[in-house]
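Residue numbers (my numbering): 10 to 249.
A virtual CB, placed ideally from N, CA and C, is assigned to each residue, including glycine.
Keep in mind the model is a prediction, meaning the values are calculated, not measured.
Now the structure itself:
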């Protein structure tokens with residue numbers, strides 16, 4: 010069992026918030042989360058009883074996909090964030106959300122990062138996708154429209170993506186996996202969930218401070234690898 014040592018310096022209030030969020034999200038995600046998430050969560054051995062130790066989680070992720078976790082005090086700007094992705098590092102915000110933000114946290118927090126992102130980093134396909142995304146962003150000049158498009162691609166996959174599995178759209182984006190409010194909004198029958206199309210995603214505006222207007226559904230998990238191939242074209246200067 011991995012990650013059994015609790016996070017150093019976590020208060021009793023932090024631990025209570027983690028426990029409540031963990032219980033609620035695991036219940037909400039039953040039959041709604043993509044198998045890759047559930048498998049990653051099980052491999053990491055995350056428990057409701059204690060916030061896991063970031064260093065232990067990092068060692069496990071590194072053994073699986075070569076990534077490391079980088080604790081930070083607050084969310085990064087996109088340029089610094091993608092720079093870490095290019096180096097196979099994922100920033101983990103060390104502050105957990107307050108109780109009044111249980112349903113929806115407008116900024117990444119400890120629960121969003123550990124519960125939502127880290128299990129997904131055990132998947133080689135997603136890990137490679139994020140690495141190439143970081144390299145692609147780094148290769149673009151400051152102010153380039155391509156950087157905004159790459160941010161949108163990250164946003165509508167790693168943060169708010171769904172994937173078709175056995176005839177059902179299942180959640181794999183961390184912003185969905187870690188937010189009860191976002192889940193309820195996403196699964197509402199009136200919320201658009203179009204099929205993932207790279208050209209459409211690249212020109213879709215990102216809205217980080219409220220629920221999304223739409224969510225894109227990958228036809229299959231393998232399509233992430235196809236995105237990696239297209240991003241390789243971006244690195245070669247063929248991005249349109």
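Asked: Would you please state the rounded distance, in angstroms, between the beta carbons of residue 158 and residue 211? I believe it to be under 8 Å.; Found: 4 Å
Asked: Using the three-state DSSP reduction, which class does residue 13 fall into: helix, strand or coil?; Found: Residue confidence for residue 13 is low, a pLDDT of 38 falling below 50, so the modelled location carries little weight; the figure read from the coordinates is stated next. Coil at residue 13, not helix or strand.
Asked: Residue range of the beta strand (DSSP E) that residue 101 falls in?; Found: 98 to 102
Asked: Taking the DSSP output, what are the residues bridged to residue 174?; Found: 177
Asked: Report the residue ranges of all alpha helix (DSSP H) runs contained in full by the stretch 78 to 165; include only those spanning at least 4 residues, in chain order.; Found: 87 to 95, 133 to 148, 154 to 163
Asked: Mind checking whether residue 224 and residue 200 have CB atoms under 8 Å apart?; Found: yes
Asked: Taking 8 Å as the threshold (C-beta atoms), are residue 101 and residue 27 in contact?; Found: no
Asked: If distances are taken between C-alpha atoms only, which option among 188, 84, 18 comes closest to residue 60?; Found: 18
Asked: Consult DSSP for residue 204 and reduce its assignment to one of helix, strand or coil.; Found: strand
Asked: Inspect the beta-carbon positions of residue 155 and residue 215 and report whether they are closer than 8 Å.; Found: no
Asked: Measure from the C-beta of residue 183 to each C-beta in chain B and report whether the shortest distance is under 8 Å.; Found: Chain labels in this structure do not include chain B; a single protein chain is all it has.
Asked: Going by DSSP, what residue range makes up the alpha helix (DSSP H) through residue 9?; Found: It is not possible to answer for residue 9, since the shown part of the chain is limited to 10 through 249.
Asked: Comparing alpha-carbon positions, which option in 147, 170, 110, 184 lies nearest residue 123?; Found: 184
Asked: Out of 218, 222, 175, 205, state which residue places its alpha-carbon closest to the alpha-carbon of residue 198.; Found: 222
Asked: With distances taken from CA atoms, which of 113, 138, 58, 43 is nearest residue 238?; Found: 138
Asked: For a test of the three-state rule: what should DSSP assign to residue 42, helix, strand or coil?; Found: strand
Asked: With which residues is residue 226 paired in a DSSP beta bridge?; Found: 171, 204
Asked: With DSSP run on the structure shown, which of helix, strand or coil describes residue 26?; Found: helix
Asked: Alpha carbon to alpha carbon, what distance is there between residue 125 and residue 234?; Found: 21 Å
Asked: By the three-class DSSP mapping on this structure, what secondary structure does residue 8 have?; Found: No answer is possible for residue 8: it lies beyond the span of the chain, which begins at 10 and ends at 249.
Asked: Cβ-heavy atom distance between residue 89 and the ligand PLP below 7 Å?; Found: For the ligand PLP, the structure offers nothing, since it holds no ligand at all.
Asked: Helix, strand or coil for residue 239 per DSSP?; Found: helix
Asked: Could you say if the stretch 77 to 93 and the stretch 45 to 60 meet the contact criterion of at least three C-beta pairs nearer than 8 Å?; Found: no
Asked: Going by the beta-carbon positions, is the gap between residue 165 and residue 213 smaller than 8 Å?; Found: yes
Asked: Roughly how many angstroms separate the alpha carbons of residue 15 and residue 49, rounded to a whole number?; Found: With a pLDDT of only 46 at residue 15, under the threshold of 50, the placement of this residue in the model should not be trusted, and no figure is reported.
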